[in-house]
Each structure stands twice: as structure tokens, then as C-alpha cells.
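Right, one structure below, let's go through it.
Next up, the structure:
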């Protein structure tokens with residue numbers, strides 16, 4: 479009798495696992511731009527946090543462009559961090575060389591998706607997303 483209960487329990491557990499795995503949420507890729515005061519953010523890190531806690535991150539490329547992969551469709555909160563300035567080199571010649579545009583320093587509130595106030599809804603049909611920081 480104990481073997482039957484054990485086998486039945488194992489079968490239920492296995493069935494639940496297979497059913498749960500087969501109905502997973504299809505993740506999507508979202509392309510877009512990030513602007514600060516109307517100008518494209520030239521570098522930084524972008525974070526998406528879904529209502530269920532799903533997390534995605536992407537690098538902001540020159541021109542404010544980003545490609546965010548593995549996004550769970552639904553309501554998301556967004557956080558944005560600007561990249562630190564400077565060349566990062568200890569070479570005096572590199573430090574004296576002309577640099578590109580200075581990265582924008584965005585307000586601290588945008589760093590945390592919970593405090594940024596940036597909320598969007600993404601769906602499987604979302605082609606692009608424009609994230610505007612004031």
C-alpha cells in the first residue's frame with residue numbers, strides 16, 4: 479500500500495511539473511530609445527521589473543537605443559542609470575585626449591524602478607518603447 483501512495487504522489491508531482499513547464503510565459507524582445515530632457519541618453523543601464531518580479535536589463539547604446547531581451551509581457555517598472563564619465567585610463571596621454579560627449583547625469587530617482595515613476599505596459603505586439611526622462 480505505501481508503494482502505491484508513493485507512486486501516485488510521484489506521478490502527480492511529475493504531471494504538475496510537466497504541465498507547469500509547458501505553459502510558461504513567452505518572453506519577448508523590446509527595442510526602443512531613452513531620452514533625458516528631450517536628448518538621447520548616450521550610455522547607461524536600463525532595467526525592467528515586471529509585476530511578478532521578472533527582471534531584465536540592457537545597455538543603453540549611443541543615440542539612446544536599447545534592445546531588451548527576455549521581457550515578460552505585462553506591466554513593468556523601469557529604472558535607468560547613467561554611466562560614469564571619464565576615460566577610465568591612467569595613461570596621461572589618454573586622459574588629455576579629447577573625449578566624446580559627457581554622459582548626462584540623470585536624477586537619482588530614476589535609478590530604482592520602484593521610485594522612478596516610469597511605468598509601461600508591454601505586449602507581444604509592442605514593437606518599440608520610448609522612455610522619456612524629464
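Residue numbers (the numbering used here): 479 to 612.
Cβ atoms here follow ideal geometry from the backbone N, Cα and C, with glycine treated the same way.
Predicted model, so just to flag it, every value in this text is computed and none were measured.
Proximity of residue i and residue j at Cβ, strictly below 8 angstroms
i	j	result
residue 554	residue 598	yes
residue 558	residue 512	yes
residue 522	residue 561	yes
residue 525	residue 556	yes
Environment of residue i [buried if 16+ CB atoms lie within 10 Å]
i	result
residue 612	exposed
Among the options, nearest to residue i - alpha-carbon criterion
i	options	result
residue 529	607, 537, 600	600
residue 585	510, 506, 519, 505	519
residue 532	591, 583, 543	591
Helix, strand or coil at residue i [DSSP, three-state]
i	result
residue 504	coil
residue 515	coil
residue 531	coil
residue 595	coil
Residue i - partner residues in DSSP beta bridges
i	result
residue 611	514
residue 555	527, 597
residue 604	Paired residues: none, contrary to the question.
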